[in-house]
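Heads up, the sequence shown stops at 369 in our numbering, and the numbers go up one at a time, no gaps.
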Amino acid sequence: ELFVWGLNDNHQLGQAGQLESARGRSRSLSPMSASYKNVLIPRQVRDVDFDVQQIVCGSCHTLILSDEGAVYGLGNNSHGQLGQPVRQQPVVSRPTKIAFAGKVAQMACSSTHSVIQTATGELYSCGLNSCGQLGLNPDTTNGQVVFDQFTQMAFQRKLIDLAVLTQQLLSWTPPISGSLSVVRSRCR
182 ELFVWGLNDN
192 HQLGQAGQLE
202 SARGRSRSLS
212 PMSASYKNVL
222 IPRQVRDVDF
232 DVQQIVCGSC
242 HTLILSDEGA
252 VYGLGNNSHG
262 QLGQPVRQQP
272 VVSRPTKIAF
282 AGKVAQMACS
292 STHSVIQTAT
302 GELYSCGLNS
312 CGQLGLNPDT
322 TNGQVVFDQF
332 TQMAFQRKLI
342 DLAVLTQQLL
352 SWTPPISGSL
362 SVVRSRCR
């Protein structure tokens, strides 16, 4: 079971149209109502019928990793950060399985992009690449800045862990080299 609470203004908690009162009563609201955006007490996400291995959150989107290596996304997808076509789904209000061929081992999110690492070590990213934060050279992507499908990064090192910041990708390589890699973008 997965329980959530907090800000839900982009349906990043999977609680579309639900309002929690301080007394624990819930009522359905129009998605246009400003009141649906706060979940004040823990609520179960009903569409999660798998064991959860990892959850990562951007400012307005969430990725959920199942124990079988499948990724589910919900929330704001305005920059393709959920790996879904932006025009078809600018906001995803329920956990939706992301079409990806490999088994995912870990994930990280920023406000406008997401990164996943497969069980075999490859890195994939999606979302906004305006400053090179996807690990894709903007000079070789023909000016494309939004990638709404997970695209393989040109990074050939084994990683221990990864994390993303708004404009940077952090990765920890094995202790043999004992290094922390910080891939900085060109944006300042």
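Here a beta-carbon is modelled for each residue, glycine too, at the ideal position from N, C-alpha and C.
Query, Result
"Closest by C-alpha distance to asparagine 257, when choosing among Asn323, Gly316 and His242", "His242"
"Cα-Cα separation between serine 274 and leucine 304, rounded to whole angstroms", "26 Å"
"Supposed contact pair asparagine 310 and valine 285 - C-beta distance, whole angstroms, cut 8 Å", "Incorrect: roughly 20 Å between the Cβ atoms, too far for contact."
"Threonine 332 burial status per 10 Å Cβ neighbour count (16 or more: buried)", "buried"
"Threonine 322 (DSSP reduced to helix, strand or coil)", "coil"
"Cβ neighbours of aspartate 232 in the same chain (closer than 6 Å, five flanking residues each side left out)", "Asp248"
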